[in-house]
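Report on the following structure.
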Amino acid sequence: MSSVVQGKVALITGSAGGIGFAFAQELLRNGAKAVELVDVNADLLQKAKEQIAKEFGPDKVDFTKADVTDKNQLEAAFKKAIQVFNQLDIVINNAGILDDVNYEKEIQINCVSYLNSANTYSILRRKNSYSNHV
Ligand SMILES: NC(=O)c1ccc[n+]([C@@H]2O[C@H](COP(=O)([O-])OP(=O)(O)OC[C@H]3O[C@@H](n4cnc5c(N)ncnc54)[C@H](O)[C@@H]3O)[C@@H](O)[C@H]2O)c1
Numbered sequence: 000m001s002s003v004v005q006g007k008v009a010l011i012t013g014s015a016g017g018i019g020f021a022f023a024q025e026l027l028r029n030g031a032k033a034v035e036l037v038d039v040n041a042d043l044l045q046k047a048k049e050q051i052a053k054e055f056g057p058d059k060v061d062f063t064k065a066d067v068t069d070k071n072q073l074e075a076a077f078k079k080a081i082q083v084f085n086q087l088d089i090v091i092n093n094a095g096i097l098d099d100v101n102y103e104k105e106i107q108i109n110c111v112s113y114l115n116s117a118n119t120y121s122i123l124r125r126k127n128s129y130s131n132h133v
């Protein structure tokens, strides 16, 4: 039976490790076409990409180093995914921190970046027809 993510391409923020990386693996296990890993940690990102390529194949993964609080970097990550895979169907806004002392940064990453991401994706989708959105 075909799964809802079959053939879809997903961009996942904060996916160099933890839950974001697990999302990437789970999507691919369930038939996703490919994943774009996005994270601010370049070293972990490279390792994550290598692990996904080893487990699922090199054509299943691409990555972009980006800080989700930077609108330009976020937009570049979306554009890269579309350029590499010719489609982008799923966005998982997973990047987040827990830092109540530095709460302004926490709000920026955990809340404002989600809205920027949704807005960026929405604008790109309206301009292009690359998505079988789920
Ligand atoms: N682990 C839990 O029990 C739990 C519980 C509730 C919510 N969450 C949320 O789930 C998400 C993932 O949690 P996790 O446990 O895997 O966290 P994690 O710290 O293991 O992973 C978060 C990832 O986000 C990346 N990241 C942080 N700031 C970033 C930025 N500005 N731009 C791009 N990437 C950035 C980090 O480099 C890291 O790879 C987070 O949003 C977290 O708040 C986790």
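Sequence positions in the sequence shown follow numbering that gives the first Met the number 0 and run 0 to 133.
Every residue gets a Cβ at the ideal spot worked out from N, C-alpha and C, and that includes glycine.
Just so it is clear, the structure is predicted and the values come from calculations on it, not from any experiment.
Asn29 and Ala76 have their C-alpha atoms some 23 Å from each other. By the Cβ-count criterion, Ser14 is buried, with 16 or more other Cβ atoms from all chains shown falling within 10 Å of its own Cβ. For Thr63, the enclosing beta strand (DSSP E) begins and ends at Val60 to Lys64.
Under the three-state reduction of DSSP, Val34 is assigned to strand. In the three-state reduction of the DSSP assignment, Ile96 falls in the coil class, being assigned neither a helical nor a strand state.
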